[in-house]
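Visitor:
Number of protein chains: 2
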Amino acid sequence: MEEVPSSGEPTPAAPPSSETSRALRDALRIAGDTRAALARRLGLNATDAAAIDHLVSSPEPLGPVELGNRLGIRSASATTLVDRLVQAGHVARTPHPHDRRRLSLQVTESAVGEVLEALRPMLVGVDRAVARLTPEQAEAATAFLREVTEVMREYVATAPDEPSRARADRD
Amino acid sequence: MEEVPSSGEPTPAAPPSSETSRALRDALRIAGDTRAALARRLGLNATDAAAIDHLVSSPEPLGPVELGNRLGIRSASATTLVDRLVQAGHVARTPHPHDRRRLSLQVTESAVGEVLEALRPMLVGVDRAVARLTPEQAEAATAFLREVTEVMREYVATAPDEPSRARADRD
DNA sequence: TCCCTTTAGCTAGATTCTCTAGCTACCTGA
DNA sequence: TCAGGTAGCTAGAGAATCTAGCTAAAGGGA
């Protein structure tokens with residue numbers, strides 16, 4: 011709607027770009043909420059659901075500490091987190107083949123099934139939206155999403171490890 | 011990579027659709043992590059950051075209870091959440107004009123500034139990716155994102171209110 | 001080989017956040 | 001006017017994370 015008729019800007023061919031930005035930001039904001047929604051459907055708290063999410067989507071197995079790093083929690087918290095997941099039957103601890111200090115965390119089959127089942131309504135809708143794209147649109151969308159994903163990955167990676175006590179000297 | 015050569019399916023013109031789905035899911039997963047990253051940059055816990063996120067992006071002012079609903083927490087927790095945000099100088103409570111039971115939560119200017127500052131590296135990258143799209147691609151991406159957003163909104167809205175005690179009768 | 005540093009994972013106790021239960025004040029419809 | 005429902009708050013209990021510190025194993029250099 012509100013095409014800002016940018017003067018002579020370096021956006022020579024993107025009148026609805028602010029709309030796209032807005033649509034993307036809305037999508038990303040809601041995406042944050044879907045994790046909590048997934049957690050509620052699984053009967054888990056947000057961290058536990060995020061942990062399983064990371065474990066099932068990681069190309070290589072993670073240990074408790076690395077999982078904790080990705081979740082932004084301490085190693086001690088990661089240990090008790092894994093304890094909870096193991097006790098609930100969602101995860102199993104197996105020794106690392108080459109490093110006897112390490113563990114590999116395996117998501118159990120039943121947990122994978124539950125996650126897929128809980129996610130299904132969303133995946134169905136997403137696939138339906140994808141199916142409506144022409145091949146050219148799909149290709150462009152894929153490239154665009156990968157670019158955005160890379161931006162977010164960088165954003166997450168450069169966030170401080172600890173709550174950054176940002177200007178607590180307020181008043 | 012793994013194009014599933016679907017037999018005679020209703021996907022007549024979308025060979026890279028699984029790639030797009032995958033790219034989208036990766037983006038959504040990372041998007042969930044960006045909220046935690048934003049929280050760390052702001053020196054807040056995840057809920058508090060999500061709360062400010064909701065407040066700044068809501069078209070109309072919210073009260074503690076409605077905010078809690080959107081965050082998936084109880085009204086009592088929302089009260090203490092708002093207490094924290096007020097004490098930190100991020101939010102102000104103002105009375106609702108027509109309903110004396112209610113409050114309107116206002117994000118302070120300084121908090122808005124801090125959020126924008128903390129988000130900037132991501133917004134810059136996002137805008138850069140958007141600017142690379144042709145007008146046709148931008149339009150298609152916008153429609154696609156809105157569709158996906160609607161799917162997620164529905165997914166969030168239909169999640170159970172409480173941890174769904176899903177099959178706790180495991181073994 | 002031996003020593004020293006670093007890393008993975010764990011335990012114990014303190015802290016923080018959310019929850020349940022229940023309350024008051026206010027709005028709304030009969 | 002009065003009953004039912006809603007917004008917001010308080011108090012105390014429970015759950016999750018944190019800090020601090022430990023052991024065992026890997027890795028590097030003398």
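So the protein lines, in turn, are chains P and B.
For the record, in the first sequence the residue sitting at position 52 is 62 according to our numbering, with numbers rising by one throughout.
For the record, in the second sequence the residue sitting at position 86 is 96 according to our numbering, with numbers rising by one throughout.
The beta-carbon is built from N, C-alpha and C at its ideal position, and this holds for glycine as well.
Values in this document were obtained by computation on a predicted structure and should not be read as measured data.
1. Let me know the beta strand (DSSP E) ranges lying completely inside the stretch 73-136 of chain P, each 3 residues or longer, listed in chain order.
2. For Arg3(B) and chain P, any beta-carbon pair shorter than 7 Å?
3. For the alpha helix (DSSP H) containing Ser67(P), name the first residue and the last one.
4. Is the Cβ of Glu127(B) closer than 7 Å to any Cβ of chain P?
5. What are the residues in the stretch 69-99 of chain B lying within 9 Å of chain P by C-beta distance?
6. Could you please give the first and the last residue of the uninterrupted alpha helix (DSSP H) stretch that includes Leu155(P)?
7. For Gly42(P), would you say it is in contact with chain B, using Cβ-to-Cβ distances shorter than 7 Å as the test?
8. Does DSSP put Glu70(B) in a helix, a strand or coil?
9. Helix or strand or just coil, what does DSSP make of Gly42(P)?
10. Is it buried or exposed for Thr144(B), if we count other Cβ within 10 angstroms and need 16 for buried?
11. Counting only beta-carbon separations shorter than 7 Å, does Thr118(B) have a partner in chain P?
12. Just mark Pro170(B) as buried or exposed, buried being the case when its beta carbon has 16 or more other beta carbons within 10 Å.
13. Quick check on Thr104(P): buried or exposed, where buried means 16 or more other Cβ atoms within 10 Å of its Cβ?
14. Using three-state DSSP, classify Asp36(B) as helix, strand or coil.
15. Can you tell me which of the three DSSP states Arg51(B) falls into?
16. So that I know if they touch, is there some Cβ in chain B lying closer than 7 Å to that of Gly135(P)?
17. Is the beta carbon of Phe154(B) closer than 7 Å to that of Ala151(P)?
18. Which residues in chain B sit within 8 Å of Val122(P), going by Cβ to Cβ distance?
19. Spell out whether any CB of chain P is found under 7 Å from the CB atom of Ser114(B).
20. Less than 7 Å between C-beta atoms, sequence neighbours within five positions excluded: which residues of the same chain meet that for Val117(B)?
21. Verify the CB distance criterion: does Val140(P) have a CB-CB separation below 7 Å to chain B?
22. Taking Cβ to Cβ, would you say Glu157(B) is nearer than 7 Å to Ala139(P)?
23. Evaluate contact between the stretch 27-47 of chain P and the stretch 125-142 of chain B, counting only Cβ atoms and requiring at least three cross-stretch pairs below 8 Å.
24. Any chance the stretch 37-56 of chain P sits against the stretch 42-60 of chain B, with 3 or more Cβ pairs inside 8 Å?
25. Could you check whether the Cβ of Leu155(B) sits closer than 7 Å to any Cβ belonging to chain P?
26. Where does Arg138(P) sit, in a helix, a strand or coil, going by DSSP?
27. Would you mind sorting Thr168(P) into buried or exposed? The rule is 16 or more other CB atoms within 10 Å of its CB.
28. Could one say the Cβ of Val14(P) lies closer than 7 Å to chain B's Cβ atoms, at least one of them?
29. Contact defined as beta carbons within less than 8 Å: I believe Ala128(P) pairs with Arg51(P). What is the distance between those atoms, to the nearest angstrom?
30. How long is the line joining the alpha carbons of Ala24(P) and Ala141(P), rounded to whole angstroms?
31. Pro74(P) and Ala88(P) - do their beta-carbons sit closer together than 7 Å?
32. Please compile the residues from chain B whose C-beta is within a distance smaller than 8 Å of the C-beta of Asp63(P).
33. Say whether chain B places a C-beta atom closer than 7 Å to the C-beta of Arg163(P).
34. Got a sec: is the Cβ-Cβ distance from Glu19(P) to anything in chain B below 7 Å?
35. How many Å lie between Pro69(P) and Gly78(B) at the Cα?
Guide: Here's the rundown:
1. Complete beta strand (DSSP E) runs here, min 3: 101-105, 113-117.
2. Because chain B spans 11 through 181 in this model, residue 3(B) falls outside it and cannot be assessed.
3. For Ser67(P), the enclosing alpha helix (DSSP H) begins and ends at 56-67.
4. So no, Glu127(B) is outside the interface.
5. Within the stretch 69-99 of chain B, the qualifying residues are Arg80, Leu81, Gly82, Ala98, Gly99.
6. DSSP places Leu155(P) inside the alpha helix (DSSP H), whose first and last residues are 145-167.
7. At least one CB atom of chain B sits nearer than 7 Å to the CB of Gly42(P).
8. When DSSP states are grouped into helix, strand and coil, Glu70(B) belongs to the coil group.
9. Three-state result, Gly42(P): helix.
10. By the Cβ-count criterion, Thr144(B) is exposed, with fewer than 16 other Cβ atoms from all chains shown falling within 10 Å of its own Cβ.
11. No, its Cβ sits nowhere closer than 7 Å to a Cβ of chain P.
12. Burial call: exposed.
13. With a 10 Å radius around the Cβ and a threshold of 16 neighbouring Cβ atoms, Thr104(P) comes out exposed.
14. Helix at Asp36(B).
15. Three-state result, Arg51(B): helix.
16. Interface residue (Cβ-Cβ distance to chain B less than 7 Å): Gly135(P) is classified as such.
17. The answer is yes: Cβ separation under 7 Å.
18. Going along chain B, no residue has its Cβ under 8 Å from Val122(P), so there is no contact; the nearest lies around 14 Å.
19. No, its Cβ sits nowhere closer than 7 Å to a Cβ of chain P.
20. Excluding positions up to five away in sequence, the list reads Ile62, Leu65, Val66, His100, Val101.
21. Look at Val140(P): its C-beta is under 7 Å from a C-beta on chain B.
22. Between Glu157(B) and Ala139(P), the C-beta gap is smaller than 7 Å, which places the two residues in contact.
23. A contact exists between the stretch 27-47 of chain P and the stretch 125-142 of chain B.
24. Segments in contact, yes.
25. Contact with chain P is found for Leu155(B), since one of that chain's Cβ atoms lies less than 7 Å from the residue's Cβ.
26. Helix, per DSSP.
27. By the Cβ-count criterion, Thr168(P) is exposed, with fewer than 16 other Cβ atoms from all chains shown falling within 10 Å of its own Cβ.
28. Low confidence applies here, because Val14(P) scores a pLDDT of 42, under 50, leaving its location unreliable and the question unanswered by this model.
29. A Cβ-Cβ separation of about 4 Å places Ala128(P) in contact with Arg51(P) under the 8 Å criterion.
30. The predicted model places Ala24(P) with a pLDDT of 42, which falls under 50 and marks its position as unreliable; any figure quoted below should be read in that light. Near 25 Å, if we compare the C-alpha coordinates of Ala141(P) and Ala24(P).
31. With a cutoff of 7 Å on beta-carbon distance, Ala88(P) and Pro74(P) are scored as near each other.
32. The answer, in chain order, is Arg39, Gly42.
33. Yes, Arg163(P) lies at the interface with chain B (some Cβ there is under 7 Å from its Cβ).
34. Only weak support is given to the placement of Glu19(P): the predicted model assigns it a pLDDT of 43, under 50, and the question is left unresolved by the model.
35. If I take the Cα positions, the gap works out to 36 Å.
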